[in-house]
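Engineer: Per my numbering, the sequence shown starts with residue 395, numbered consecutively. C-beta: ideal position from N, C-alpha, C; glycine also. Let me give you the structure first, and then I'll get to my questions.
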Amino acid sequence: MDDLKVLRAVGSAGTGKTRLMINTAEKALARPEVGGNPFAIGFSSFTRAARSEAAGRAAAAWGMQQSELERHGWFRTAHSVAYRQLGIQKGEVIGGSKADDKWISEALGSDVSYCVDEDSEGGIGIYTGDPIAAAALNYWSLARSMVAPLREIAEAAYEWEPDGPTAEEVIRRIEMYESAKRLDGRLDFTDMLARFVGVANNPATGPEMVTPEGAVPNEVVGWIFDEAQDASRLLDMACRRLVTGDSCRWAWLVGDPFQVLYSWAGASSEFFMGWKVDRQEIMPKSYRCAKPILQLGEDCLQRLTKGYWNRGVEAADHDGEIIESDNFEDDLSDLSPKDETLVIARTNRHVGKIATILDDVGVPFRKIKAKQGAYNRDAGMTGLWKLQNGQPASAEEWTQAIELLPSATISKKGDGRDEKTWLIRGAKTQWNRGVKDRYDALFPEELGDVGATDHLREKIAAGTWGDLIDGGATWCRAAKQWGIEAVANPKIRIGTVHSAKGMEADNVIILTSVGRRIREGEERSEDRHDEERRIEYVAVTRARKKLIVAHDPREKFRMEMPI
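Listed below in structure tokens is the structure:
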């Protein structure tokens, strides 16, 4: 540890932090102590997306398969490192499955569910359901992430919201939860990190330092810690343990102290900035944000109650503009799915409002956190559209299409019933059990061979198949207006500011509406006030060239951007 070199890169939005990290990894591979071994370099990020992007770029630079680097190397989240080093089995971890929710509910005697951020690999999640049980679990997650006594967290929360559970109620529920975990041999994501760094958490008495479990990856010569500003105390402890490996000679910490958005989950830039470093580098130029956009972001930060400092970042060379609008519905109606656009809002409720408006005006879009099913749905309808227009559909497109299509429908005509069969009995099963292996592409004239009835072939040929699928007719109208590529792969993305972190687009629309609780929170707490300023900064700096700050005149509360 005496010869460990620690370097810190502070980079604001769009300054090339990812490129810096990949360049660092590429150069490190050539060093004598690494000897060309890609498994001697560690890259730890807190999200799957960042880890995957870094692994893909590094693997391409090193001439190897990304899957090999991820499987055998150390391009992993901190939770994944702990999982591997502790030898945990898949069935032990309490995640976000329905079976896990059922287990937790039975353990606590109350209905609760865990909503985990799908990108975080165990990093960020929240419990919902029974108010007392959910609050207790959320306080427990926060206490362990902060390495703080549960009573302290629960009492602070009760002072803030006297209608919530008391500290005693919280501790009683968590003791039930921990007892059930011990009996059934279960643990959650936070437990993994706690065991790896050596923290034993007792609901009644608080955390205690114990002997860490699991070995440090001793073959790693250098670690790169991405988005280091998002570390909680527990995550920071994990990072600090990783650099104690016998071979470790250097560590790069990369992040932006003004992009901390998860303080409610224990994240704080004080850990990122608290490392004793041998060199600190301020990344000097944003290659993303035009001058007016970068300046608005800095103006948002200057409203922080504490901790602001000017990093002197130079704006990108291209031109940019900011437009303030008082009618966001018109702004959304004017969008084209062919133009790269990011539409972001403060809460999921407001994202839902954006989605409703875009659906109503027939503008295709994709949610930032879209599940795989959304892509499968588009693939299925793309295949049907191709067949309608005399073109072949791929085998995968037909696979998704028959998942969307009903086998038969029944409609009432007068006093009678009219049943139409669209797919012969067993067509879906036979296709998925081997028939599809005989087709690289499926042509319209071959539909009868794979189970499509005359009724379905007529529907497809006439272009009325959209009536058979929920939302299919709307999809077809959009395809006629915008073209199949724009509908199947729309360039409009919508989501919360949190989900858009790390993203960028030429055009960005921010819906400024916020809820009453957010406004009350920032008025009562300097910490919450500062969190909202950082959220505004992240929102603004997603834009490269054009930023529309859009207000909904019907909403009472809004972001107070200093335009």
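1. Given that a residue counts as buried once 16 or more other Cβ atoms are within 10 Å of its Cβ, and exposed if not, what is arginine 682?
2. Is proline 947 helix, strand or coil by DSSP?
3. Would valine 671 and valine 400 qualify as a contact pair, given that the criterion is a beta-carbon distance under 8 Å?
4. Residues in its own chain within less than 6 Å of leucine 629 by CB, not counting five upstream and five downstream?
5. Buried or exposed: asparagine 721, going by 16 or more other Cβ atoms within 10 Å of its Cβ?
6. Using alpha carbons as the reference points, say which of Gly860, Asn612, Pro543, Ala598 lies closest to proline 800.
7. Along the chain, which unbroken stretches of the alpha helix (DSSP H) at least 4 residues long are found entirely within the region 562 to 623?
8. Within 10 Å of its beta-carbon, does tryptophan 703 have 16 or more other beta-carbons around it, so buried, or fewer, so exposed?
9. Find out if the Cβ-Cβ distance for the pair cysteine 642, leucine 398 is shorter than 8 Å.
10. Are the beta-carbon atoms of alanine 527 and valine 506 separated by less than 8 Å?
11. Taking one C-beta from the region 595 to 611 and one from the region 534 to 552 each time, how about it: are there three or more such pairs within less than 8 Å?
12. Starting from phenylalanine 759, trace the alpha helix (DSSP H) both ways and give me its first and last residue.
13. Measuring CB atoms only, is the region 552 to 559 touching the region 618 to 627, in the sense that at least three cross pairs come out at less than 8 Å?
14. Could you give the distance in angstroms between the alpha-carbon of isoleucine 762 and the alpha-carbon of alanine 749?
15. Once the 5 residues before and after alanine 529 are set aside, which same chain residues still bring their CB inside 6 Å of it?
16. DSSP three-state call for phenylalanine 433: helix, strand or coil?
17. Which residues in the same chain as serine 504 place their Cβ atom closer than 6 Å to its Cβ, once the five residues preceding and following it in sequence are excluded?
18. Buried or exposed for glutamate 879, going by 16 or more other Cβ atoms inside 10 Å?
19. Cα-Cα, which of Phe951, Ala609, Asp495 is closest to isoleucine 912?
20. Alanine 422 to lysine 679, Cα distance in whole Å?
21. Ignoring anything shorter than 4 residues or poking outside the region 891 to 926, list the alpha helix (DSSP H) runs there in chain order.
22. From lysine 747 to leucine 729, what does the alpha carbon distance come to, in whole angstroms?
23. With distance defined between alpha-carbon atoms, name the residue in Asp848, His892, Glu813 nearest to tryptophan 658.
24. Starting from the C-beta of valine 881, find all residues in its chain whose C-beta is less than 6 Å away, skip the five residues before and the five after it, and write them out in chain order.
Structural biologist: Let me spell this out:
1. Counting from 1 along the sequence shown, the entry for residue 682 is found at position 288. Classification for arginine 682: buried.
2. The residue you call residue 947 lines up with position 553 of the sequence shown. It is coil, neither helix nor strand.
3. On the sequence shown, position 277 is the one that residue 671 refers to. On the sequence shown, position 6 is the one that residue 400 refers to. Yes, the pair counts as a contact, with Cβ atoms nearer than the cut-off.
4. Counting from one through the sequence shown, the residue named residue 629 turns up at place 235. Cβ neighbours of leucine 629 beyond the five flanking positions: Ala472.
5. The count along the sequence shown starts at 1 and reaches residue 721 at position 327. For asparagine 721, the number of other beta carbons within 10 angstroms of its own is below 16, and it is reported as exposed.
6. For this step, residue 800 is matched to residue 406 along the sequence shown. Selected option, being the one with the closest Cα: Gly860.
7. 583 to 591
8. Translated into the one-based positions of the sequence shown, residue 703 becomes position 309. Label assigned to tryptophan 703: exposed.
9. In the sequence shown, residue 642 corresponds to position 248, counting from 1. In the sequence shown, residue 398 corresponds to position 4, counting from 1. Yes, they are a contact pair.
10. Translated into the one-based positions of the sequence shown, residue 527 becomes position 133. Translated into the one-based positions of the sequence shown, residue 506 becomes position 112. Yes; because the gap between Cβ atoms is below 8 Å, this pair is in contact.
11. Touching, yes.
12. Walking along the sequence shown from the start, residue 759 turns up at place 365. Phenylalanine 759 -> no alpha helix (DSSP H), and no H or E assigned at all.
13. no
14. Taking the sequence shown and counting its residues from 1, the one referred to as residue 762 is at position 368. Taking the sequence shown and counting its residues from 1, the one referred to as residue 749 is at position 355. Their Cα atoms are separated by approximately 12 Å.
15. Working through the sequence shown from its first residue, we reach residue 529 at position 135. Result list for alanine 529: Gly558, Pro559, in chain order.
16. Looking up residue 433 in the sequence shown gives position 39. If DSSP states are grouped into helix, strand and coil, phenylalanine 433 belongs with the helices.
17. Residue numbering aside, residue 504 sits at position 110 when the sequence shown is read from its first letter. The residues are Asp524, Ala527.
18. Along the sequence shown, read from residue 1 onward, the residue named residue 879 stands at position 485. The residue is exposed, with fewer than 16 neighbouring Cβ atoms inside 10 Å.
19. By 1-based counting over the sequence shown, the position of residue 912 is 518. Of the candidates Phe951, Ala609, Asp495, Phe951 places its Cα closest to the Cα of isoleucine 912.
20. Start at 1 with the first residue of the sequence shown, and residue 422 comes out as number 28. Start at 1 with the first residue of the sequence shown, and residue 679 comes out as number 285. One alpha carbon belongs to alanine 422, the other to lysine 679, and they sit about 24 Å apart.
21. 891 to 894, 910 to 918
22. In the sequence shown, residue 747 corresponds to position 353, counting from 1. In the sequence shown, residue 729 corresponds to position 335, counting from 1. Looking at the two C-alpha atoms, the distance is approximately 16 Å.
23. The count along the sequence shown starts at 1 and reaches residue 658 at position 264. Comparing Cα-Cα distances from tryptophan 658 to each of Asp848, His892, Glu813, the minimum goes to His892.
24. Taking the sequence shown and counting its residues from 1, the one referred to as residue 881 is at position 487. Excluding residues within five positions, the ones whose Cβ falls inside 6 Å are Pro758, Ala872, Ala873.
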